[in-house]
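These notes are about the structure you will find just below.
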Amino acid sequence: MYTNIGETQKLKPFSIKILILTSNDIQNISRAIKGLKIERLNINENIITELKTGMFEEKKSFRTVSLVNNQINVLQRKSIPMALYLYLNNNLIKSLNADMFINISYVQSLYLNNNCLKKITVSSLMGLKAIILELSHNQLEDLEDRSIPEVEKLFMNNNKLTSINSKMFVNISHLSILELSYNKITEITNCKINNSNLSILKLSHNKISHIVQASFEGMQMLKNLSLTNNLITSMEMNSIPIVEYLDLSYNLLTSIEENMFSDVYYLESVDIRYNCIKETDLKLMEQVLILNQKFNEKCSTHITKMDIFLILNSAVFVVLVIVAIVITVYTRRFTKFSKHFTNSDWAYNAQLFYGKDGRNIIIIG
1 MYTNIGETQK LKPFSIKILI LTSNDIQNIS RAIKGLKIER LNINENIITE LKTGMFEEKK
61 SFRTVSLVNN QINVLQRKSI PMALYLYLNN NLIKSLNADM FINISYVQSL YLNNNCLKKI
121 TVSSLMGLKA IILELSHNQL EDLEDRSIPE VEKLFMNNNK LTSINSKMFV NISHLSILEL
181 SYNKITEITN CKINNSNLSI LKLSHNKISH IVQASFEGMQ MLKNLSLTNN LITSMEMNSI
241 PIVEYLDLSY NLLTSIEENM FSDVYYLESV DIRYNCIKET DLKLMEQVLI LNQKFNEKCS
301 THITKMDIFL ILNSAVFVVL VIVAIVITVY TRRFTKFSKH FTNSDWAYNA QLFYGKDGRN
361 IIIIG
């Protein structure tokens, strides 16, 4: 078992392109790795806590470097290697700065999911022009203006974001997939993603309650829009952009009309299951596949998992109250009975020792 990557000195005579050191006890990456012609380096599941300046050659480039499932929490200047595919997910990284990378512009796919990032600043990822940027499952609450670099696929689901707008992006025109599910977004009134190539937008499991005309303005290439599991009660006229697939399930809509859509000609499928919908536009139904309308007939009869949970909690509370009342009543009765029994027992004993006429009695047993 390796404890220091410096032990790879013994491997130098060989022309190694792939080096896998997964599941060891490696704590440090020494300069001994220099000179090896490695293309793919895998040091997953070790106990590295820090990436130091000089660990990786500044002129050395990798195809893939994976440092997944370590304990990295300190990143020194120019400590992150130059790699096309860079995996730093499942660590303890709390902050980022572009100067921590040897050459951030070289990276095509950057995975930083499952870390402890709370904020992305202008300087965090400055210079990155990647295909994939993975920031999901962090603690992101704030994105500064122009903090999100030029990327094609951006994943920021499972964070704590409350809003999103185009000012947060350096150049949003290259973005094709934007994943924002499982955040705390309440409104999308100022996106204005003009000239965008965005084709997939996922906003499920947020707290959006209202869709306005400006919500998806400029999203001319959008094909798939997911708004499931929000709190949507209404949608303005022409508020839904031209899309092919729309998921509005698990919301609080009471009706759905054709005028809510910019153009239904390209619309192929709308999922409106588990809403409060009592009526739909007949013309819209003729043109579009609307999934499972029967689940919307009576909102009052629809019981969700949360409803079941609340009902069970209420039932348990009622049972506990009844049990407490019964215990209280029986405790009081038992106390009274005990007092009565004690007084009667004393009178009986008094009669044994003094007799009914008050004379002393000696009992010989």
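For the sequence shown, UniProt numbering assigns the number 1 to the initial residue and increments by one for each residue that follows.
Beta carbons: idealized from backbone N, C-alpha and C, even for Gly.
The C-beta separation of R77 from T53 comes to about 6 Å, placing the pair in contact by the 8 Å criterion. For the 8 Å CB-CB criterion, L75 and V107 do not form a contact.
Under the DSSP assignment, M82 falls in the beta strand (DSSP E) whose first and last residues are M82 to Y87. In the DSSP annotation of this structure, N238 is not part of any beta strand (DSSP E), being labelled neither H nor E. Within the same chain, and ignoring the five residues on either side of N159 in sequence, the residues whose Cβ sits closer than 8 Å to its Cβ are L135, S136, H137, N138, Q139, L140, E141, Y182 and N183. I208 and I188 do touch by the CB rule: their CB atoms are close to 6 Å apart, below 8 Å.
Contact annotation, T254 with K278: C-beta distance approximately 6 Å; criterion of less than 8 Å satisfied.
CA-to-CA, the gap between L267 and N238 works out to about 13 Å. Excluding its 5 nearest sequence neighbours in each direction, P81 has C-beta neighbours in its own chain below 7 Å: F56, F62, V65 and I102, listed in chain order. Secondary structure of D263 (DSSP, three-state): coil.
A check of alpha carbon separations from D247 across E257, E236, L225 and I256 identifies L225 as the nearest. The beta-bridge partner set that DSSP reports for K153 consists of I132 and I177. Looking only at N70, L92, N114 and S147, the smallest Cα-Cα distance to N157 is reached by N114.
In this structure, Y250 and T228 form a Cβ contact; the two beta carbons are roughly 5 Å apart against a cut-off of 8 Å. Between the alpha carbons of K60 and V151 lies a gap of roughly 24 Å. One thing to note: L180 has its Cβ no nearer than 8 Å to the Cβ of I200. Excluding the 5 residues flanking it on each side, S262 has same chain C-beta neighbours closer than 7 Å at N238, I240, P241 and I242, in chain order. Contact between L51 and I72 holds: their C-beta atoms lie close to 6 Å from each other, under 8 Å. In this structure, L88 keeps its C-beta atom at 8 Å or more from the C-beta atom of L117. DSSP lists Y87 and E134 as the bridge partner or partners of Y111. A direct Cα-to-Cα measurement between E144 and N230 gives close to 25 Å. When DSSP reads this structure, R40 sits in a beta bridge with I18 and T64. By DSSP's assignment, S255 forms a beta bridge with E279. Under the 10 Å beta carbon count, K37 is surrounded by fewer than 16 other beta carbons and is classified as exposed.
In this structure, the beta-carbon distance from M221 to L203 does not fall below 8 Å. Ranked by Cα distance from G35, the options I16, N42 and S109 are led by I16. The shortest C-alpha to C-alpha distance from T233 to any of E217, A214, Y274 and V264 is the one to Y274.
By the Cβ neighbour-count rule, S215 is buried, with 16 or more other Cβ atoms within 10 Å of its own. Rounded to the nearest angstrom, the gap between the Cα atoms of M235 and H210 is 6 Å.
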